[in-house]
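Data first, discussion second: the structure below is written as structure tokens.
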Amino acid sequence: MFNLPTSTKTSTRTRTRGRGLAAGIAVTAAFSATVLVPGVASAAPAAPERVAVAEPVAGPLMNYAVNATQANRGQTLKVERAVEAAGGTVIESYAEIGVVIAQSDNAAFADSVAAQQGVLSVGATRTAPVTADDPTFGVNDPLAHGESGNHPADKSTAKTKDAGVEALGTVAADPGESLQWDMTAIGADKAHEVTDGDRSVLVAVLDSGIQGDHPDLEANIDTSASASCLSGVPDTSYDSWQPTTSSHGTHVAGTIAAARNGVGIVGVAPNVRVSAVKVVNDDGFIYPEAAICGFMYATATGADVTNNSYYIDPWMYWCDDDADQAAVKTAVDRAVQYSQEHGVLNVAAAGNENTDLANKTVDTTSPDDTTPATRPINADCTDLPAELDGVVTVASTTQAGERSSFSNYGLGIIDVAAPGSRILSTVAGSGYAYYSGTSMASPHVAGVAALLKSAHPELSGPALGDVIAAQANDVPCPAAATACTGTTEDNGFFGDGLVDALEAVS
Numbered sequence: 059m060f061n062l063p064t065s066t067k068t069s070t071r072t073r074t075r076g077r078g079l080a081a082g083i084a085v086t087a088a089f090s091a092t093v094l095v096p097g098v099a100s101a102a103p104a105a106p107e108r109v110a111v112a113e114p115v116a117g118p119l120m121n122y123a124v125n126a127t128q129a130n131r132g133q134t135l136k137v138e139r140a141v142e143a144a145g146g147t148v149i150e151s152y153a154e155i156g157v158v159i160a161q162s163d164n165a166a167f168a169d170s171v172a173a174q175q176g177v178l179s180v181g182a183t184r185t186a187p188v189t190a191d192d193p194t195f196g197v198n199d200p201l202a203h204g205e206s207g208n209h210p211a212d213k214s215t216a217k218t219k220d221a222g223v224e225a226l227g228t229v230a231a232d233p234g235e236s237l238q239w240d241m242t243a244i245g246a247d248k249a250h251e252v253t254d255g256d257r258s259v260l261v262a263v264l265d266s267g268i269q270g271d272h273p274d275l276e277a278n279i280d281t282s283a284s285a286s287c288l289s290g291v292p293d294t295s296y297d298s299w300q301p302t303t304s305s306h307g308t309h310v311a312g313t314i315a316a317a318r319n320g321v322g323i324v325g326v327a328p329n330v331r332v333s334a335v336k337v338v339n340d341d342g343f344i345y346p347e348a349a350i351c352g353f354m355y356a357t358a359t360g361a362d363v364t365n366n367s368y369y370i371d372p373w374m375y376w377c378d379d380d381a382d383q384a385a386v387k388t389a390v391d392r393a394v395q396y397s398q399e400h401g402v403l404n405v406a407a408a409g410n411e412n413t414d415l416a417n418k419t420v421d422t423t424s425p426d427d428t429t430p431a432t433r434p435i436n437a438d439c440t441d442l443p444a445e446l447d448g449v450v451t452v453a454s455t456t457q458a459g460e461r462s463s464f465s466n467y468g469l470g471i472i473d474v475a476a477p478g479s480r481i482l483s484t485v486a487g488s489g490y491a492y493y494s495g496t497s498m499a500s501p502h503v504a505g506v507a508a509l510l511k512s513a514h515p516e517l518s519g520p521a522l523g524d525v526i527a528a529q530a531n532d533v534p535c536p537a538a539a540t541a542c543t544g545t546t547e548d549n550g551f552f553g554d555g556l557v558d559a560l561e562a563v564s
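Residue numbering for the sequence shown is 59 to 564, as defined by my numbering.
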């Protein structure tokens, strides 16, 4: 049994969390330097069930999440048949969680499928039609598990959950640890005197890809566990998970596990492995089908921890009173809960809107793939994946130990806090940059989780998160901050406190 460190805190983690890519301020700096197979029937297979559906109505090509009433192969097969009978194609099917990702240009598709036996709910995963250059376009072979052949085009811009970018001049080739205030703040420098982490631990970075040959990352990237999920189906080819429009994932990976190799910087857990699971498309969107694929693929490849510095598009908050949003929310939650049940700890950025997530009232930015419209929201509207049960939601702090001005907050929502303002890490092009955002805070926690898993391999899944929360150092609400509610031990700005890497390995 694992004995907690000297801290006597108890965890209050009983909630949910999310956001598109979490933001960050970038400062460029150069340092030189298994498919589920149906069981065999005991008798002759029954004839396929006849499904009566309404006549197709020509409409835009859309993607859908379809949830079976139960998570088993039989019910999922019924859903697949309903999809095909309604003029749709199956992009991917997850019998383990009873979720089918489908594509159709039948305007009556959702209503037709929802009426069929075995279907719990159906929801469009976006508001903009699927275009010919979308990675999911034409991915319609239900048996296409593995390399999809869909490689993202090389473009130049992408949306991130970063708060900003700041350029640096060229820096000498020697290590830049002296510039990493964040590592000192969480005790990572002291933790490294105990351990740099164990190679058996794998952190999946669900993001915009990781530069595979970055001199500070190459040794720690597990290429066999990396893939692109942009098409909704894992593509394990090397090129598919390389960054194209954004350095965001490379920056996140560096904070987690930049190697101790005499070059550049050092990550929180510089000896653990990371995998690149690309879920951000070339336009900067993280659609549900990519995120679901990411969680399922990370689980299948043995990840111990996932980092999620994004929110799922196109809705900043997915609400239960909308049929499409509720169905997608169910599908994503099933993937997240499945991963946690199989020993994965999911860590997510809280977001950069300076919003009280515990008291949501209005959303003015959704949907972000077509035309945003102001709408009232409430507690039933969820930031995905950050507000899903069991996910560790991370707020951002400054070098002065204050809440970053951009960081979301909320009593009962924020679990812990970590450095997120002006964080130096790796970027694509074999360089280094300062980014700011809750995107940068989250990987500090993922790194601490990797150290904790290294020191205590018997811990897994949400149990890792509980210990991280119990070990965190209390940070009280600022005296003049009326928006910060709660106690010193657990409040809306810092949750259970600032994460402590040294305690994780002590």
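Yeah, the Cβ is synthetic: ideal placement off N, Cα and C, and Gly gets one too.
Short of 6 Å in beta carbon distance, which residues of its chain neighbour residue i, apart from the five on each side in sequence? Order them along the chain.
i	result
Pro534	Thr546
Ala499	Val452, Ser454, Ala476 and Gly478
Pro96	Confidence at Pro96 is low in this model, with a pLDDT of 29, below 50, so the placement of that residue should be treated as unreliable; the coordinate-derived value is given next. Excluding sequence neighbours, Pro96 sits near Arg131.
Ala165	Val115 and Gly117
Pro501	Val310, Thr313, Ile314 and Asn365
Ser284	Trp299, Ser333 and Ala334
Val563	Ala249, Val252, Thr253, Leu509 and Ala513
Gly555	Ala530, Asn531, Asp532 and Val533
Phe167	Ala144 and Gly146
Among the options, which has the Cα closest to the Cα of residue i?
i	options	result
Gly181	Val335, Cys542, Cys377 and Gly519	Cys377
Ile268	Pro118, Asp297 and Glu516	Asp297
Gly505	Ala537, Ala393, Ala406 and Gly117	Ala406
Val321	Asp274, Leu264, Gly550 and Ala143	Asp274
Cys287	Gln238, Thr242 and Phe353	Phe353
Gly409	Gly448, Ala431 and Tyr369	Tyr369
Ala491	His309, Ala168, Val402 and Val137	His309
Gly544	Ala486, Ile471 and Glu516	Ile471
Thr242	Ile323, Asp256 and His272	Ile323
Ala381	Asp240, Gln175 and Thr183	Thr183
Asp169	Val141, Ile350 and Ser266	Val141
Val137	Asn121, Glu113, Ala173 and Asp163	Ala173
Between which two residues does the beta strand (DSSP E) carrying residue i extend?
i	result
Glu150	Gly146 to Tyr152
Gly245	That residue, Gly245, is in no beta strand (DSSP E); it is neither H nor E in DSSP.
Ser333	Arg331 to Lys336
Ala116	Ala116 to Ala126
Gly475	First, the residue type needs correcting, since residue 475 is Ala and not Gly in the sequence shown. From DSSP, the beta strand (DSSP E) with Ala475 extends over Val474 to Pro477.
Leu446	Unbroken run through Leu446: none, as it is neither H nor E.
Leu482	Ile481 to Val485
Asn404	Leu403 to Ala407
Got a sec, what are the start and stop residues for the alpha helix (DSSP H) residue i sits in?
i	result
Asp163	Taken as a continuous stretch (DSSP letters only), Asp163 belongs to no alpha helix (DSSP H), being part of the beta strand (DSSP E) at Val157 to Asn164.
Thr134	Arg131 to Ala143
Val310	His306 to Ala315
Met354	Pro346 to Ala358
Ala172	Phe167 to Ala172
Asp524	Pro520 to Gln529
Asp382	Ala381 to Glu399
Thr496	Thr496 to Ala513
Val259	It is not in any alpha helix (DSSP H) - Val259 carries neither H nor E in the DSSP assignment.
Ala559	Ala559 to Val563
Determine the burial state of residue i: buried for a count of at least 16 other Cβ atoms within 10 Å of its Cβ, exposed for fewer.
i	result
Ala458	exposed
Gln161	buried
Thr281	exposed
Asp391	buried
Val557	buried
Ala431	exposed
Glu399	exposed
Pro193	buried
Ala582	Residue 582 lies beyond the residue range present for the chain, which begins at 59 and ends at 564; the question has no answer from this structure.
Pro536	exposed
Pro434	exposed
Val420	exposed
Asn436	exposed
Ser397	buried
Glu445	buried
Leu94	Model confidence at Leu94 stands at a pLDDT of 29, short of 50, so the residue's coordinates are unreliable; what they give is reported in the following sentence. Exposed, because fewer than 16 other Cβ atoms sit within 10 Å of the Cβ of Leu94.
Looking only at its chain, what residues have a beta carbon closer than 7 Å to the beta carbon of residue i, apart from the 5 residues adjacent to it on each side?
i	result
Pro425	Thr185, Pro372 and Trp373
Ala385	Ala123, Asn125, Ser179, Val180 and Gly181
Ser463	Asn412
Ala559	Ile244, Gly245, Ala246, Ala249, Val326, Val506 and Leu509
Please return the same chain residues whose Cβ sits closer than 8 Å to the Cβ of residue i, not counting the five positions on each side in sequence.
i	result
Asp438	Cys377, Asp378 and Asp379
Val30	Residue numbering for the chain in the displayed model covers 59 to 564; residue 30 lies beyond these limits and cannot be assessed.
Ser214	Here Ser214 scores only 25 on pLDDT, less than 50, and its place in the model should not be relied on; the value that follows carries that caveat. Closer than 8 Å at Cβ, skipping near neighbours: Thr303.
So is the beta-carbon of residue i under 7 Å away from any non-hydrogen atom of the ligand COA?
i	result
Ala389	The ligand content of the structure shown is nil, which means the ligand COA is not present either.
Worksheet entry | the stretch 233–249 / the stretch 475–486 touching (three or more Cβ pairs under 8 Å) | yes
Worksheet item: Would you call the stretch 334–343 and the stretch 300–311 touching, i.e. three or more CB-CB distances under 8 Å?
Response: yes
Practice prompt. Would you check if there are 3 or more beta carbon pairs closer than 8 Å linking the stretch 320–329 to the stretch 508–517?
Written response: yes
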